[in-house]
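Heads up: the protein sequence lines correspond to chains A and B, in order. Position 94 of the first sequence, counted from 1, bears residue number 94 in this note's numbering, the numbering being contiguous throughout. Position 296 of the second sequence, counted from 1, bears residue number 296 in this note's numbering, the numbering being contiguous throughout. Using N, Cα and C, we set each Cβ at its ideal position, and we do this for glycine too. Remember, it's a predicted structure, so these values are computed and weren't measured experimentally. To keep things clear, I will list the structure first and then write my remarks on it.
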Amino acid sequence: MRTLRSGLLLIAAVLVAAPTASAQDDELGGPPDEANAPGLRFNGLGRTLIQQTDLGGQLADADTTTAEALADGEFVLDLAVNAQPNRVTEVQGILRLRNEFGGFFGSGVTVEVRELWARGIVAGAIEYRVGDMDYALTPFTVFLPEADGVVNTPEAFVPLRERVAYEEFYTGRNERRLQGGRLDFGLAFDQLVDELDVRTFIARLRATDFLDTPTRLIGGGRLGATSAAFGPLASKVGLGVNLASTWDDLDSGDANEGIRNHVVTVDGDIGVVDRPAYAVAVVGEAGTSVAKFDEVLGEGQTRDPEAGPLLRETDTFFEVGIEADLKPSGVGVSARFVNIGPDFFSAAAQSKRVDFARRPGSFNRIGNERDLRPVGLFDLSRDAALYTFRVEDRLMQYDPRFNNTLPYGRATPNRRGVHLGVDYAPEGGPLDAELLVALLSEIRGQGTTELKDFALVRASADVPVAPLIGYGRDLAVSLGTQVESTSRGGGEFETVDLTSTLFEVGLVAEVYDRLDVLLGAKTRSSSGSDYVPQVENFNDVRDFPGRFVTDDRESLLAGGLRYRFRDDVYLTVQVQQFRYGDDATPEDDYRFDQVFALYTMSF
Amino acid sequence: MPRLSSPFRNVVAGLVLAVAVAGCDHVTDPDGPNLNDRFGPFRLVEPLAASSQTVDFAAGQSIVFTAQFNKQTDWVLEITGTQSGAVKRIEGFSRELTAENARWDGGTTDLPLFRAEPVTAALFFPSEAGSDTTRATTSATSIRSYPGEVVTGFEESDDATLFLGNFEFDFDLSLTGVNNDVPAAEGERFYRLRGTDNTLDNFFVGLLQITSPSADGYFAVPTTIPEDLFLNAFLYNFEAEFTIVILEVVADANGNGRFDDGTDTIIGSGDIRLDEPGWTAFSRSAADFGLTEAQASQIVAVRAVLISDNTAQPTSREPVDFGVDYITFTAGGPLQL
Numbered sequence: 001m002r003t004l005r006s007g008l009l010l011i012a013a014v015l016v017a018a019p020t021a022s023a024q025d026d027e028l029g030g031p032p033d034e035a036n037a038p039g040l041r042f043n044g045l046g047r048t049l050i051q052q053t054d055l056g057g058q059l060a061d062a063d064t065t066t067a068e069a070l071a072d073g074e075f076v077l078d079l080a081v082n083a084q085p086n087r088v089t090e091v092q093g094i095l096r097l098r099n100e101f102g103g104f105f106g107s108g109v110t111v112e113v114r115e116l117w118a119r120g121i122v123a124g125a126i127e128y129r130v131g132d133m134d135y136a137l138t139p140f141t142v143f144l145p146e147a148d149g150v151v152n153t154p155e156a157f158v159p160l161r162e163r164v165a166y167e168e169f170y171t172g173r174n175e176r177r178l179q180g181g182r183l184d185f186g187l188a189f190d191q192l193v194d195e196l197d198v199r200t201f202i203a204r205l206r207a208t209d210f211l212d213t214p215t216r217l218i219g220g221g222r223l224g225a226t227s228a229a230f231g232p233l234a235s236k237v238g239l240g241v242n243l244a245s246t247w248d249d250l251d252s253g254d255a256n257e258g259i260r261n262h263v264v265t266v267d268g269d270i271g272v273v274d275r276p277a278y279a280v281a282v283v284g285e286a287g288t289s290v291a292k293f294d295e296v297l298g299e300g301q302t303r304d305p306e307a308g309p310l311l312r313e314t315d316t317f318f319e320v321g322i323e324a325d326l327k328p329s330g331v332g333v334s335a336r337f338v339n340i341g342p343d344f345f346s347a348a349a350q351s352k353r354v355d356f357a358r359r360p361g362s363f364n365r366i367g368n369e370r371d372l373r374p375v376g377l378f379d380l381s382r383d384a385a386l387y388t389f390r391v392e393d394r395l396m397q398y399d400p401r402f403n404n405t406l407p408y409g410r411a412t413p414n415r416r417g418v419h420l421g422v423d424y425a426p427e428g429g430p431l432d433a434e435l436l437v438a439l440l441s442e443i444r445g446q447g448t449t450e451l452k453d454f455a456l457v458r459a460s461a462d463v464p465v466a467p468l469i470g471y472g473r474d475l476a477v478s479l480g481t482q483v484e485s486t487s488r489g490g491g492e493f494e495t496v497d498l499t500s501t502l503f504e505v506g507l508v509a510e511v512y513d514r515l516d517v518l519l520g521a522k523t524r525s526s527s528g529s530d531y532v533p534q535v536e537n538f539n540d541v542r543d544f545p546g547r548f549v550t551d552d553r554e555s556l557l558a559g560g561l562r563y564r565f566r567d568d569v570y571l572t573v574q575v576q577q578f579r580y581g582d583d584a585t586p587e588d589d590y591r592f593d594q595v596f597a598l599y600t601m602s603f
Numbered sequence: 001m002p003r004l005s006s007p008f009r010n011v012v013a014g015l016v017l018a019v020a021v022a023g024c025d026h027v028t029d030p031d032g033p034n035l036n037d038r039f040g041p042f043r044l045v046e047p048l049a050a051s052s053q054t055v056d057f058a059a060g061q062s063i064v065f066t067a068q069f070n071k072q073t074d075w076v077l078e079i080t081g082t083q084s085g086a087v088k089r090i091e092g093f094s095r096e097l098t099a100e101n102a103r104w105d106g107g108t109t110d111l112p113l114f115r116a117e118p119v120t121a122a123l124f125f126p127s128e129a130g131s132d133t134t135r136a137t138t139s140a141t142s143i144r145s146y147p148g149e150v151v152t153g154f155e156e157s158d159d160a161t162l163f164l165g166n167f168e169f170d171f172d173l174s175l176t177g178v179n180n181d182v183p184a185a186e187g188e189r190f191y192r193l194r195g196t197d198n199t200l201d202n203f204f205v206g207l208l209q210i211t212s213p214s215a216d217g218y219f220a221v222p223t224t225i226p227e228d229l230f231l232n233a234f235l236y237n238f239e240a241e242f243t244i245v246i247l248e249v250v251a252d253a254n255g256n257g258r259f260d261d262g263t264d265t266i267i268g269s270g271d272i273r274l275d276e277p278g279w280t281a282f283s284r285s286a287a288d289f290g291l292t293e294a295q296a297s298q299i300v301a302v303r304a305v306l307i308s309d310n311t312a313q314p315t316s317r318e319p320v321d322f323g324v325d326y327i328t329f330t331a332g333g334p335l336q337l
């Protein structure tokens, strides 16, 4: 009763307190920069990539069908035209000119519009944006999970990864590229509630083909409130209600069946105490999802009784934990307990960056048998065609060698357990380091009543070596590792035991003014077996195609130079070597030797 | 330890309660096919067995076949009459055969119908390569009682209700008539019509007319509602390429209880072409024939007409040929084998 009374008081306070409207402000979706005078500006990006890749190894020695070398590349110019007719309105379009390496006189040349948007502020209070936008809510509603096969990318691999991120509109803030509109505004209060922010959006994920594929839309938003500091500990409470709905418009085209996926969550960030020496907060999010098919019947039509009811699944999740920040030492610790229901489905939060159903762009078939080559570190480090920002209507295919514990990010369904984290980043300290441990298990067995147990350890560190050894220029080492173990008991056909280790190390050393030496290495090894389900109907296991058995390893080594003309303008020339081997099939081991030059200019 | 304020405690308590409720309700039945079923080797735990050595289907008895294996898998139980060659096929996906999924009431999948005869049952597993077939035997002491009203089963060779209309002398009378050249679809005999349309170039070979033996001259029917009344017949394809069958129902138009050619209403099925060799079950509702309810109550004859596909025939006419057996009227749907 006291809880209810407190809640009513909070609502009443929101209603009676004199609000002050204000537009939200963030980096991409925020209002036009009022410091900039109205006018027309041009900026953009230019990029040139030329690369040659040679195929080697035992497989290539016996291979008489595959070309031994491939040379390719591209020239890209993205010209952004930014117009600000007044201080509260801004429009931008990016025109892309692209030429495939080897294309001449119009062959291989494409011209396309890469981006279009307009944004502004209405009445000095409501911010809007229409067109292309990048959007994220919470990890369980609208969110782009981190990529597979990456912990702490060595600097040598950063240029190609930046290219992937640019092509797929990855902003670094787990946002998805959408095309639609958003409307945000905030209210500031004098009492009890510090601020109230409202965010709404709607976007089209897919257009109808005017036949049986309906238009797919996504919409939702967030209502968030942050309290004023209260109590002797200067506590603060932040609460939010989030909605993300993905649905098919069955009035479009001739479609009569489509999906509905609604996710509603409540998140909280309760600052228990915030003192100069330390801060403690309780954080969490809980919610529910509905995933179902909907059907529209024509006049006089009735549903076939033998077809059964349309699928409808609902489930819940929660994540609750505590975060502590020991401010002077730069140490932060966190512990979270998670319980994500097996049928929890959130299309816009669980769709992956890497689509493992796609095939590599380079040497996708090798060997005399013309077998499809599985995606490896080589491809993940550079092949933008493997990546996506799209929202899928079912759990995407994943590769357990790269990510088996949380293949769909924090919203991975069917997980229960704890996440522990420690980060160390003192100001001016000797290193920045981070350690994450996840100890999880399934809630529902797949193909058995036995449950899988997952253990994941991710650690990364950036060590600025230069001050330690008295080197006068930049010299830094980066480390990253991920060790993952999956196990399950039971009978002969139920047991699972898969271990994967990913290791990254990199070095960047400025040897002359703006000239860097880049060295990097990534290795991955996996052994054991697991079952990777085929999924249908959002997240139901349709079948297990077979036991996934692996005893393989791969390595990606890089070395080269980078010259930084300016911060956003550089040229790098590198030699990289990739090796793949599997103990079960040593005759299929192969190698890529690659040399490339990449020039990138942001202006 | 600092003391938390009351509103703060309430907010925390509310959140804890909310997340606890949210996390308590998951469906935990295993997802996907059972792994042991999907990948384990197949092994027969208990071989096929019949629940009794004899079964009296006419008395409403049935027989249950049982077997057990170590995994869920596809199975096919094929029961074959040793004399008739009739086959009943029951298929399933399970770990065992029980009364729920392997009960046989004397019905048939592939014609002919079973007789009172010994039967063998074979259980095999199409998804399990190399698996053995397990067998059992039993004996049917009577045949199953099929619902509906029987027009004729052609068991009597001198049946007075049968009239062969060999009007153009096209029939091959050495083969036409009640016979057992091949196993009958039901019982011991069926009626065969074979001829060659080489007298007059007019498609028509001849017909078999069956009239009712009842006192009022009308066939007994289980219902007179045209949509519910079905005419059923088993037709045999002797693989005579140019054969066309027409089944006709004759409704008494003058109320005298007998067939009067030229007066009574003859309603045909249209051309029936027999594609598959052997016996085929044919069924059509009286409504599809075009009978009214009044006509359905006054059926005085059923006719099977042999037609030659004259436009497709070569210049030198080839024989046309079919068999017919067990003509019945059923209510509510086609005859269930």
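Delimiting residues of the beta strand (DSSP E) encompassing residue i
i, result
"asparagine 43(A)", "39 to 56"
"asparagine 242(A)", "236 to 249"
"arginine 524(A)", "515 to 531"
"asparagine 261(A)", "257 to 274"
Candidates the options: closest to residue i by CA position
i, options, result
"serine 145(B)", "Gly107(B), Ala129(B) and Leu111(B)", "Gly107(B)"
"proline 112(B)", "Ala86(B), Leu306(B) and Leu164(B)", "Ala86(B)"
"threonine 66(B)", "Ser51(B), Gln83(B), Ser157(B) and Phe125(B)", "Ser51(B)"
"threonine 176(B)", "Phe39(B), Leu306(B) and Pro314(B)", "Leu306(B)"
"aspartate 321(B)", "Glu186(B), Glu227(B) and Leu173(B)", "Leu173(B)"
"serine 235(A)", "Val273(A), Ser555(A), Gly220(A) and Leu205(A)", "Val273(A)"
"aspartate 158(B)", "Arg192(B), Val178(B) and Phe289(B)", "Val178(B)"
"glycine 39(A)", "Ala83(A), Leu77(A), Ala71(A) and Thr53(A)", "Ala83(A)"
"valine 241(A)", "Ala279(A), Gly220(A), Asp248(A) and Gly231(A)", "Gly220(A)"
"glutamine 68(B)", "Leu164(B), Glu318(B), Pro277(B) and Val45(B)", "Val45(B)"
"aspartate 197(B)", "Glu168(B), Val76(B) and Pro183(B)", "Glu168(B)"
"leucine 604(A)", "Val331(A), Tyr408(A) and Val264(A)", "Only positions 1 to 603 of chain A appear in this structure, which leaves residue 604(A) out of reach."
Host alpha helix (DSSP H) of residue i (start-end)
i, result
"aspartate 228(B)", "First-last for aspartate 228(B): undefined, no H or E at that position."
"proline 287(B)", "According to the sequence as given, residue 287(B) is alanine; it is not proline. That run of the alpha helix (DSSP H) goes 286 to 289."
"phenylalanine 39(B)", "35 to 39"
"tyrosine 166(A)", "158 to 167"
Paired residues, beta bridge with residue i - DSSP
i, result
"lysine 352(A)", "DSSP output for lysine 352(A) lists no bridge partner at all."
"phenylalanine 592(A)", "Leu55(A) and Phe578(A)"
"asparagine 82(A)", "Arg41(A) and Gln92(A)"
Notebook entry, point to check: Would the region 393 to 412 of chain A and the region 347 to 356 of chain A be scored as touching if the rule is three or more Cβ pairs under 8 Å?
Noted result: yes
Check: Three or more beta-carbon pairs under 8 Å between the region 589 to 601 of chain A and the region 41 to 60 of chain A, yes or no?
Finding: yes
Note to self: With three or more beta-carbon pairs closer than 8 Å as the criterion, would you say the region 242 to 250 of chain B touches the region 267 to 282 of chain B?
What the structure shows: yes
Next item on the list: Give the residues from the region 204 to 237 of chain B that approach chain A closer than 8 Å (Cβ to any Cβ), ordered along the chain.
Entry: none
Notebook entry, point to check: Do three or more CB pairs link the region 152 to 169 of chain A to the region 527 to 542 of chain A at distances below 8 Å?
Noted result: no
Checklist line | Stretch pair the region 357 to 377 of chain A + the region 308 to 319 of chain A: three plus CB contacts closer than 8 Å | finding: no
Next item on the list: Give the residues from the region 486 to 516 of chain A that approach chain B closer than 9 Å (Cβ to any Cβ), ordered along the chain.
Entry: Gly490, Gly491, Glu492, Phe493 and Glu494
Margin query: By the 9 Å beta-carbon criterion, what residues does the region 536 to 553 of chain A contribute toward chain B?
Written below: Asn539, Asp540, Val541, Arg542, Asp543, Phe544, Gly546 and Arg547
Checklist line | the region 288 to 297 of chain B touching the region 111 to 126 of chain B, judged by at least three CB pairs closer than 8 Å | finding: no
Next item on the list: Check distances from the C-beta atoms of the region 20 to 50 of chain B to those of chain A and list, in chain order, the residues that come in under 9 Å.
Entry: Ala20, Val21, Ala22, Gly23, Cys24, Asp25, His26, Val27, Thr28, Asp29, Pro30, Asp31, Gly32, Pro33, Asn34, Leu35, Asn36, Asp37, Arg38, Phe39 and Gly40
Notebook entry, point to check: Would the region 291 to 310 of chain A and the region 252 to 271 of chain A be scored as touching if the rule is three or more Cβ pairs under 8 Å?
Noted result: yes
Note to self: If contact is defined by three or more beta carbon pairs under 8 Å, each pair taking one atom from either stretch, is the region 412 to 425 of chain A in contact with the region 549 to 569 of chain A?
What the structure shows: no
Notebook entry, point to check: For the 8 Å Cβ check, are there 3 or more pairs between the region 202 to 211 of chain A and the region 117 to 126 of chain A?
Noted result: no
Next item on the list: Closer than 8 Å, Cβ to Cβ, to anything on chain B: give me those residues from the region 473 to 485 of chain A, in chain order.
Entry: none
Next item on the list: Mind checking the region 263 to 297 of chain A against chain B and listing, in chain order, the residues whose C-beta falls within less than 8 Å of any C-beta there?
Entry: Val266, Gly268, Ile270, Val272, Val273, Val282, Gly284, Ala286, Gly287 and Thr288
Next item on the list: Output, in sequence order along the chain, the residues in the region 331 to 365 of chain A whose CB is closer than 7 Å to any CB in chain B.
Entry: Asn339, Gly341, Pro342 and Asp343
Next item on the list: Could you list the residues in the region 402 to 435 of chain A with a C-beta less than 9 Å from some C-beta on chain B, going in chain order?
Entry: Asn414 and Arg416
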